[in-house]
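Top line first, the protein sequences correspond to chains A and B.
Just so we're on the same page, my numbering is the position in the first sequence counted from 1, plus 206.
Just so we're on the same page, my numbering is the position in the second sequence counted from 1, plus 206.
We put the beta carbon where it would ideally sit given N, CA and C, even for glycine.
Protein chains: 2
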Amino acid sequence: MTTPLVIELNGVIVAVTDDTPRILTVKHLDHSLMESKPDALPFGPLDPAADRTLELGLRGWVREQTGIELGYVEQLYTFGDRNRDPEERQGGPRVISVPYLALVREGQLSVRAEASWRDWYDYLPWEHWLSNHPPMIDEQIAPALARWVKKTSEPAMLRSRQERVEIAFGLRGATWDEERVLERYELLYEAGLVAEQARDRLWRRESRKESRDISEDSSVEPKTRFLGQPMALDHRRILATALGRLRGKIKYRPVVFELLPPTFTLLQLQRVVEALAGVRLHKQNFRRLVEKGGLVEGTSQFDPKTGGRPAMLFRFRREVLRERPAPGVGLPGATSGSLLK
Amino acid sequence: MTTPLVIELNGVIVAVTDDTPRILTVKHLDHSLMESKPDALPFGPLDPAADRTLELGLRGWVREQTGIELGYVEQLYTFGDRNRDPEERQGGPRVISVPYLALVREGQLSVRAEASWRDWYDYLPWEHWLSNHPPMIDEQIAPALARWVKKTSEPAMLRSRQERVEIAFGLRGATWDEERVLERYELLYEAGLVAEQARDRLWRRESRKESRDISEDSSVEPKTRFLGQPMALDHRRILATALGRLRGKIKYRPVVFELLPPTFTLLQLQRVVEALAGVRLHKQNFRRLVEKGGLVEGTSQFDPKTGGRPAMLFRFRREVLRERPAPGVGLPGATSGSLLK
DNA sequence: TTTAGTTATACTCACTTTTAGCATAAGAGT
DNA sequence: ACTCTTATGCTAAAAGTGAGTATAACTAAA
């Protein structure tokens, strides 16, 4: 008698419109105790007999649930911890999920009514540094995490938690690393600051058999409101993985262009990068970098609707792939040093 | 009647000794037509009932097959294309494989007799640029790939192949990107330059049912010897994935130290980086970079066995994690540009 | 005990990149 | 004509990089 196994495919479908990064969500029938149906990513199981590749399976589910035919797609990670899906506890199969990141141009698509575009910072508001250091971090996150750190009595664990918190959230002089999105989400989850943790705890209570799963001090924060909009299952963890990956990738591969029309102004390009990285950039230097770096080339067309002087329209310069080893847009602190003899 | 599904866990276990990167292999019982048993990575199926996480499952298999208890471990990718495992064609279950990269310190380990350490460049010799541009590239690979490119008649396909080849192998003025290891292996596979492709083609012939799987022009090169040592199943593809990932990662995360003893000389550190990247570095500048970059700190101990002046022993400086967003060792061309406003 | 060979480490110098601005250009609206 | 807005050109100072020279501290052979 073997335990059945299911591979679930998830799609994090990203577009940037109006300088806002958005993801495509669907409604999920949740039999949980959460008030309303939480947002979910498009997802569905792999059909081991019919789907020739994982990616094709994913494309099929996305087509069916949202009406979109995906272009650029990239595998993110494989989550396989037991009991990520609560149905597993009620005798369901072991579920392994394989999420994909997909980049599309929102304007050129129409989606099913069941699906809708949401600002991804609604789910991960602490990642939004466009205007400034989000006050939420100092006002809610830092104190709550400090309490959580102190909840453990073991000194080694305490130091480890302390270090994780400081590095992840750039506290006490540590520098904020915009790529550590997943680390941040997981800390907030462990510390009980996101609604999903409370939900999963309830499920854990219900199925008392595995009481050791209830870690002694991962408890719900009483006075803190939960942070950000929750999602179904572990979809927010997947979203965090996607955001982290994308923030990393734009630095060394020209993926931003998947989110832009074939021709665009440099400010449009900059806004997309900023929206993803969650950081504001220096306009003149950005221009110099992408232009001199050979990443784009001017068409001789102009965009008259800029509000000021018309901007030249640029296009992605494919040849850069031959010329430079890691063509991306670069972000603060990217200078790491080169040492060829 | 559902098709059964199996998740296979693979470990690419890396150590660097004598300035040579090595991987741990085991013997694989292969019912194929290949002369002798090909080398394999340690691997085994996930037990959906017993293994709480994928990583734990992997650690178990590695322990059993090699006698090693793994430390640093990182998931690589999930390969799910149908018929990667030839047994699938003979009615076996659908196999999805999830490989992990593990870094260990070889000197401190003793492994089972069934397992053995192999130079990873034996399997991927074209990646070895330590002494110079490997002659194999110009003498065998470039001409063979050029023939393969021309085998297609469709112009779009031809251009696409041409571009892939040039970018992957740094031909015709393109720059060699040491991270594109997987791209290179896959090109060689498609072009029939590695033994695995010939083997898989034979299997494909045998099970005639799916004749469309035989792509018209992915044929075995007649006059060329196959390149590099073959491995079982698709383990060489997995190895290529691992090498590419590791070459990327040393640049922005301090993973090299997982391969070194707690204290080491700067030359030891440099040799490990060189072994992985397959590139030689400038000694004085390397020293400046890791020292000023805060990646290491001197102990006041010295290593007397250097052959010349004794070298100071250094240790990894953990605090760098707080200070710098992406602490790694840096390689040629890493200057990408930073644009904070 | 020189002397040659080997590795370590300090320092320099000529560039190149990056940061942070200033300044001008070319449109729209009043 | 004036103001506001966005685009784009340009530059000085600071920081970082690539390639070497010079010196130090050891071992082993002459």
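Item                                                                                                                                                                       : Value
With 8 angstroms set as the bound, which would you pick, yes or no: does the beta-carbon of A:GLY297 sit closer than that to a beta-carbon of chain B?                     : no
Do the segment 336 to 354 of chain A and the segment 363 to 382 of chain A touch if we need at least three Cβ pairs shorter than 8 angstroms?                              : yes
Could you give the C-beta distance for A:VAL212 and A:PRO251, rounded to a whole number, given that I count them as a contact under 8 angstroms?                           : 5 angstroms
According to the Cβ coordinates, are A:PRO227 and A:ALA481 closer than 8 angstroms?                                                                                        : yes
Can you confirm whether A:THR471, when its beta carbon is compared against all beta carbons of chain B, has any partner nearer than 8 angstroms?                           : no
Mind checking who B:ILE213 pairs with in its DSSP beta bridge?                                                                                                             : B:ILE302
Just the chain A side, please: which residues come within less than 8 angstroms of B:ILE373 by C-beta, in chain order?                                                     : LEU527 and ARG528
If the criterion is Cβ atoms closer than 8 angstroms, does the pair A:PHE285 and A:ASP440 meet it?                                                                         : yes
In this structure, does DSSP put B:ARG453 in helix, strand or coil?                                                                                                        : helix
Return the Cβ separation of B:GLY434 and B:PRO331 in integer angstroms, given the expectation that the two are a contact with Cβ distance under 8 angstroms.               : 5 angstroms
How is B:THR469 classed by DSSP in three states: helix, strand or coil?                                                                                                    : strand
Taking the alpha helix (DSSP H) that A:GLY266 belongs to, which residues open and close that run?                                                                          : 260 to 272
Keeping to the same chain, check which residues put their C-beta closer than 6 angstroms to that of B:GLU416; ignore five residues upstream and five downstream.           : Confidence in B:GLU416 is poor, its pLDDT being 46 and thus under 50, which makes the residue's placement unreliable; the coordinate value appears in the next sentence. Excluding sequence neighbours, B:GLU416 sits near nothing in its chain.
Reducing DSSP to helix, strand and coil, say where B:TRP323 ends up.                                                                                                       : strand
Would you kindly check if the distance between the Cβ of A:PRO305 and the Cβ of A:ALA438 is under 8 angstroms?                                                             : no
Report buried or exposed for B:THR505, applying the criterion of at least 16 other Cβ atoms within 10 angstroms of its Cβ.                                                 : exposed
Is there a Cβ of chain B sitting closer than 8 angstroms to that of A:ARG442, yes or no?                                                                                   : no
Reducing DSSP to helix, strand and coil, say where A:THR223 ends up.                                                                                                       : strand
In chain B, which residues lie with their C-beta within 9 angstroms of the C-beta of A:VAL502?                                                                             : Going along chain B, no residue has its Cβ under 9 angstroms from A:VAL502, so there is no contact; the nearest lies around 14 angstroms.
Counting only runs of 3+ residues fully inside the segment 493 to 540 of chain B, write out the beta strand (DSSP E) ranges in chain order.                                : 502 to 509 and 517 to 522
Beta-carbon of A:TYR306 versus every beta-carbon of chain B: anything under 8 angstroms?                                                                                   : no
Please name the residue in B:ALA448, B:ARG288, B:GLY534 and B:ASP344 whose C-alpha comes closest to that of B:ILE229.                                                      : B:ALA448
Mind reading off the beta-carbon distance from A:LEU336 to A:GLY534? Whole number of angstroms is fine, and I expect it under 8 angstroms.                                 : A:LEU336 to A:GLY534, Cβ: 20 angstroms. No contact.
Along the chain, where does the alpha helix (DSSP H) that runs through B:PRO349 open and close?                                                                            : 348 to 356
Does DSSP put A:VAL485 in a helix, in a strand, or in coil?                                                                                                                : coil
Hey, quick one: how far does the beta strand (DSSP E) through A:PRO251 stretch, first residue to last?                                                                     : 249 to 251
Use the C-beta contact count for B:GLN507: other C-beta atoms within 10 angstroms, 16 or more gives buried, fewer gives exposed.                                           : exposed
Along chain B, which residues have their Cβ under 8 angstroms away from the Cβ of A:THR272?                                                                                : Within 8 angstroms Cβ-Cβ: nothing; A:THR272 doesn't reach chain B, min ~22 angstroms.
In three-state terms, what does DSSP make of B:PRO231?                                                                                                                     : Looking at the sequence provided, one finds Thr at residue 231 of chain B rather than Pro. Looking at B:THR231 - three-state DSSP - the assignment turns out to be strand.
Any chance the segment 452 to 468 of chain B sits against the segment 383 to 391 of chain B, with 3 or more Cβ pairs inside 8 angstroms?                                   : yes
Beta-carbon within less than 8 angstroms of B:PRO531's beta-carbon, same chain only, minus the 5 sequence neighbours each way: which residues are those?                   : none
Mind reading off the beta-carbon distance from B:PHE522 to B:PRO460? Whole number of angstroms is fine, and I expect it under 8 angstroms.                                 : 6 angstroms
Give the straight-line distance between the Cα atoms of B:ASP472 and B:LEU501, rounded to the nearest whole angstrom.                                                      : It is worth fixing the name first, because residue 472 of chain B is Leu in this sequence and not Asp. If you take the alpha carbons of B:LEU472 and B:LEU501, they lie about 11 angstroms apart.
Note down, in chain order, each residue of its chain lying with its Cβ closer than 6 angstroms to the Cβ of B:GLY273, except the 5 sequence neighbours on either side.     : VAL317 and ARG318
Can a CB atom of chain B be found closer than 8 angstroms to the CB of A:LYS260?                                                                                           : One point to set straight first is that residue 260 of chain A is Leu, not Lys, in the sequence displayed. With 8 angstroms as the cut-off, A:LEU260 counts as an interface residue toward chain B.
Evaluate A:ARG405 with the Cβ neighbour count: other Cβ atoms within 10 Å of its Cβ, from every protein chain shown; 16 or more gives buried, anything less gives exposed. : buried
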